[in-house]
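Protein chains in written order, with the working numbering: chain D, 1 to 132; chain X, 1001 to 1132; chain F, 2001 to 2132; chain V, 3001 to 3132.
Beta carbons: idealized from backbone N, C-alpha and C, even for Gly.
There are 4 protein chains.
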Amino acid sequence: MLNVEKEFFSNITFRERAIFEGAISMGALFHQFIGTPVNKETVNSLELAIEKSLSLQPAIEKVEVDINLDILEREISEFEYTSLTGDMIDVKIYSKVNKTLAIIRMKFIEELNYPLMFIEDIQEDINENIQK
Amino acid sequence: MLNVEKEFFSNITFRERAIFEGAISMGALFHQFIGTPVNKETVNSLELAIEKSLSLQPAIEKVEVDINLDILEREISEFEYTSLTGDMIDVKIYSKVNKTLAIIRMKFIEELNYPLMFIEDIQEDINENIQK
Amino acid sequence: MLNVEKEFFSNITFRERAIFEGAISMGALFHQFIGTPVNKETVNSLELAIEKSLSLQPAIEKVEVDINLDILEREISEFEYTSLTGDMIDVKIYSKVNKTLAIIRMKFIEELNYPLMFIEDIQEDINENIQK
Amino acid sequence: MLNVEKEFFSNITFRERAIFEGAISMGALFHQFIGTPVNKETVNSLELAIEKSLSLQPAIEKVEVDINLDILEREISEFEYTSLTGDMIDVKIYSKVNKTLAIIRMKFIEELNYPLMFIEDIQEDINENIQK
């Protein structure tokens, strides 16, 4: 049986791998779900599906997605829905490898006109699991 | 106020528009959600989010998505999930314009090695609404 | 060998099928490519890839994609690119079944705040092929 | 003017940021383009559009995409194209922050039935730019 850790990840630290896996999932989340039709009635089911699907990826302990209802309403079309865009979503992805937890954040920064992805917090020596 | 029906859809019949709107949503569904991480634990939330988001589009009355668990299990990776592919999903989209209901189907046809989209049924003179 | 026309499409006319196939491809195009990173330097390669990939679908003779450079520039971020959105793209898809040609259009309509898909023109008794 | 480095990235090293940015782009690439219609005639334009669009993201110096023609042919449908899947693509993303270059790889690993993303190489003290 292939030893994935030894074969593919022995060149980076646990901390680096926590960053790596969390970042992959954040890039994945944005590009999988941007464009999805959404309105106030469907926002909860969409947030849940995003959270559950991305939580399946390696090292991901929890995903929190918050779609901003004010921006959603502002963008609503004559057909009473709109497409999910990067300025509407605020996301936290908790990625844990061994005892290192990285919290990756995506947040729209007006000054940059850009949904910036960055590392909100990184904690080493974590013993408990994150509650999903 | 712009009269969408008159301005943009007076060149086709209600029956043609039911086909048109249902077909758009089927193409949208496939290309929005193919690639999403999924396993048996998340399949219900994904089906629900797909159904609810596509139901927002013009003329769509109901969307039924069925992800095949046998194919899902067959494709499962060492990381205990896989990506949604066209051979796993069977979809019905109910599109209604005036009194014409078109039921658009996507189904994987082994002989074609292709997720074929076709019109499963088309009914004219429907008076009731479809129950979502 | 499976007769696709007879088995799956004998319940609709050639005209209806031209509408059906063109509409699928328009829905597909939007939901496959919305969200793609783009700027002025990459707009041509993106337009070409969209046109070529969607032209592969059944009955599609030609796809013309025009990404609006003014809107692109207006949306540009501090990182000198943006994500493709529905208000930037104007698309024509030429779908032909037997002798009927349907030209499907997607165009952002400000008054609706919506990238509307409609049938721009439909011609019966066309004998030549469309030049790709 | 917002100082992005200081405000958002002072909690990680240049090496960690090279890993972070490369990983985001790899996750993005997979989930943006999986599902795209493709055959032998369109493979080059698709590879190019993927490479150019992802090269726009922060810290990305170069992207190399190789779509496997043998797997593509094996998956081809009766309609003479197929949808891009994770087992067909081999990707290298070169991400550089200050003097650290991370080469992120995605490669389908049969034994895992999974398109694994990992860090193929990481070099510190690089002085030249990568040629795009």
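{"Item": "Nearest-angstrom Cα separation, counted from proline 3058/V out to tyrosine 2081/F", "Value": "10 angstroms"}
{"Item": "Rounded C-alpha distance that separates isoleucine 2093/F from leucine 2116/F", "Value": "14 angstroms"}
{"Item": "Threonine 3036/V and serine 3095/V closer than 9 angstroms at C-beta", "Value": "no"}
{"Item": "Ranges of the beta strand (DSSP E) found wholly within the stretch 2010-2073 of chain F, counting only runs of at least 3", "Value": "2060-2067"}
{"Item": "Contacts around arginine 2015/F, its chain only, beta-carbon distance under 6 angstroms, and the 5 residues preceding and following it disregarded", "Value": "Thr2100"}
{"Item": "Chain V within 9 angstroms of lysine 2052/F, Cβ atoms only", "Value": "yes"}
{"Item": "C-beta neighbour in chain F for leucine 3049/V, strict 9 angstroms", "Value": "A quick correction: the sequence has alanine, not leucine, at residue 3049/V. Chain F contact via Cβ: present."}
{"Item": "C-beta neighbour in chain F for glutamate 1072/X, strict 9 angstroms", "Value": "Note on identity: in this sequence residue 1072/X is leucine, with glutamate being the wrong assignment. Output row for leucine 1072/X: interface = no."}
{"Item": "Contacting residues, own chain, Cβ-Cβ under 6 angstroms from isoleucine 3109/V (five flanking each side not counted)", "Value": "Leu3116"}
{"Item": "N- and C-terminal bounds of the beta strand (DSSP E) containing lysine 1006/X", "Value": "Careful: lysine 1006/X lies outside any beta strand (DSSP E), inside the alpha helix (DSSP H) at 1004-1008."}
{"Item": "Beta-carbon proximity list for methionine 26/D, same chain, < 8 angstroms, skipping 5 on both sides", "Value": "Val91, Ile93, Ile104, Met106 and Met117"}
{"Item": "Nearest-angstrom Cβ-Cβ length linking glutamate 61/D and asparagine 127/D, presumed shorter than 8 angstroms", "Value": "About 13 angstroms separates the two Cβ atoms, so there is no contact after all."}
{"Item": "Closest by C-alpha distance to asparagine 44/D, when choosing among Lys1052/X, Asp1125/X and Glu1007/X", "Value": "Lys1052/X"}
{"Item": "CB contact check: glycine 27/D to chain X, cutoff 9 angstroms", "Value": "no"}
{"Item": "Short CB-CB distance (under 9 angstroms) between aspartate 1121/X and chain F", "Value": "yes"}
{"Item": "Chain-order list of residues whose beta-carbon lies under 6 angstroms from that of glutamate 3021/V (same chain, five-residue window excluded)", "Value": "Pro3058, Ala3059 and Ser3095"}
{"Item": "Enclosing beta strand (DSSP E) for serine 3095/V [first to last residue]", "Value": "3089-3097"}
{"Item": "Sub-9 angstroms separation of alanine 1049/X and isoleucine 50/D beta-carbons", "Value": "yes"}
{"Item": "Beta carbon proximity, phenylalanine 3079/V to chain F, threshold 9 angstroms", "Value": "yes"}
{"Item": "Separation of glutamate 1041/X from valine 63/D, as counted between CA atoms", "Value": "15 angstroms"}
{"Item": "Beta-carbon gap between leucine 2056/F and valine 3038/V smaller than 9 angstroms", "Value": "yes"}
{"Item": "Through-space distance from glutamate 3047/V to leucine 112/D, alpha-carbon basis", "Value": "29 angstroms"}
{"Item": "Chain V residues whose Cβ lies nearer than 8 angstroms to that of isoleucine 1030/X", "Value": "Residue 1030/X is actually phenylalanine in this sequence, not isoleucine. Residues of chain V passing the Cβ test: Gly3035."}
{"Item": "Environment of arginine 1074/X [buried if 16+ CB atoms lie within 10 Å]", "Value": "exposed"}
{"Item": "Members of the stretch 2103-2127 of chain F near chain V, C-beta cut-off 7 angstroms", "Value": "none"}
{"Item": "Glutamine 2123/F classed as buried or exposed, judged by whether at least 16 other C-beta atoms fall within 10 angstroms", "Value": "exposed"}
{"Item": "Selected residue, minimal CA-CA separation from tyrosine 3114/V, among Asn3098/V, Thr3085/V and Asp3125/V", "Value": "Thr3085/V"}
{"Item": "Run of the beta strand (DSSP E) containing phenylalanine 1108/X, from where it starts to where it stops", "Value": "1100-1109"}
{"Item": "Cβ-Cβ distance between isoleucine 1119/X and methionine 1088/X below 9 angstroms", "Value": "no"}
{"Item": "C-alpha gap between alanine 2018/F and asparagine 1011/X, whole angstroms", "Value": "14 angstroms"}
{"Item": "CB contact below 9 angstroms: serine 1055/X versus chain V", "Value": "no"}
{"Item": "Glutamate 3120/V, DSSP secondary structure in three states", "Value": "strand"}
{"Item": "Rounded separation between leucine 3072/V and asparagine 3003/V - CA only", "Value": "45 angstroms"}
{"Item": "Cα-Cα separation, phenylalanine 1033/X to valine 97/D", "Value": "28 angstroms"}
{"Item": "Backbone CA spacing between alanine 3102/V and phenylalanine 8/D [nearest angstrom]", "Value": "14 angstroms"}
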